[in-house]
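Q:
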Amino acid sequence: MILFQLSRDKAHFTTRAHVDNDVFLQEAVAIYKAFLYLIKIKRERSIKFFRVPTYDIDLIWHTHQLHALSYCNDLTKMIGKVNLKRLRQSYRVLEL
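First residue of the sequence shown: 45, per my numbering; consecutive thereafter.
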C-alpha cells in the first residue's frame, strides 16, 4: 500500500498540470537559486559534498541549461564559474 501511495504521489508530482502551475514554478526557481547558493558557499569554504537535486531543482536546472549563454552568464554571476568543458561536451553530443 505504501509503495502504491508513493508511486501515485510521484505520478501527480510530474504531471503536466502540476508543472504548468505558476506557484510551483516560482517556488522551484527560488529553490534552484538556493541550491546554487549552497554550491557557492560550500565551494568558497572548500567543503567537498555530494549534491543531488530534487525533481523541482532538476527541472529548472535542465531548463536553464537549454539557454546556454544565459546559463553561463547566470552561473558565473551566481557561483563564480561554469564547467565549460562539461557543457561543451554536452552540446557536442546534441550536434551529432
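The beta-carbon is built from N, C-alpha and C at its ideal position, and this holds for glycine as well.
Source: prediction; values computed, not measured.
1. F93 lies in the alpha helix (DSSP H); which residues open and close that run?
2. Find out if the Cβ-Cβ distance for the pair K86, F93 is shorter than 8 Å.
3. Looking only at C-alpha atoms, which of V67, F68, I75, K129 sits nearest to I101?
4. Can you name, in chain order, every residue of its own chain whose Cβ lies under 8 Å from the Cβ of S114, other than the five neighbours on each side?
5. Our contact map puts K84 next to G124 with C-beta atoms below 8 Å; I'd like the distance itself, whole angstroms only.
6. Measure the alpha-carbon distance for V67 versus V96 and round it to whole angstroms.
7. Quick check: the Cα distance between V73 and I104, rounded to an integer number of angstroms?
8. Going along the chain, which residues of its own chain have a beta-carbon closer than 7 Å to the beta-carbon of T98, five neighbours each way excluded?
9. Could you spell out the range, first to last residue, of the alpha helix (DSSP H) harbouring V73?
10. Can you give me the start and stop residues for the alpha helix (DSSP H) that L110 sits inside?
A: Straight from the coordinates:
1. For this step, residue 93 is matched to residue 49 along the sequence shown. First-last for F93: undefined, no H or E at that position.
2. Here residue 86 corresponds to residue number 42 of the sequence shown, with the count starting at 1. Here residue 93 corresponds to residue number 49 of the sequence shown, with the count starting at 1. Yes, the pair counts as a contact, with Cβ atoms nearer than the cut-off.
3. Within the sequence shown, residue 101 is the residue found at index 57, counting from 1. Out of V67, F68, I75, K129, I75 has the C-alpha closest to the C-alpha of I101.
4. Working through the sequence shown from its first residue, we reach residue 114 at position 70. Taken in chain order, the residues that qualify are H108.
5. Your numbering for residue 84 matches position 40 in the sequence shown. Your numbering for residue 124 matches position 80 in the sequence shown. That pair is a contact at about 7 Å.
6. The count along the sequence shown starts at 1 and reaches residue 67 at position 23. The count along the sequence shown starts at 1 and reaches residue 96 at position 52. Roughly 23 Å between the two C-alpha positions.
7. Within the sequence shown, residue 73 is the residue found at index 29, counting from 1. Within the sequence shown, residue 104 is the residue found at index 60, counting from 1. For V73 and I104, the distance between alpha carbons rounds to 6 Å.
8. As a first step, residue 98 must be located in the sequence shown, where it is residue number 54. Counting only Cβ-Cβ distances below 7 Å, and skipping sequence neighbours, we find nothing.
9. Along the sequence shown, read from residue 1 onward, the residue named residue 73 stands at position 29. 66 to 88 is the extent of the alpha helix (DSSP H) around V73.
10. In the sequence shown, the residue the question calls residue 110 occupies position 66. Taken as a continuous stretch (DSSP letters only), L110 belongs to no alpha helix (DSSP H), as it is neither H nor E.
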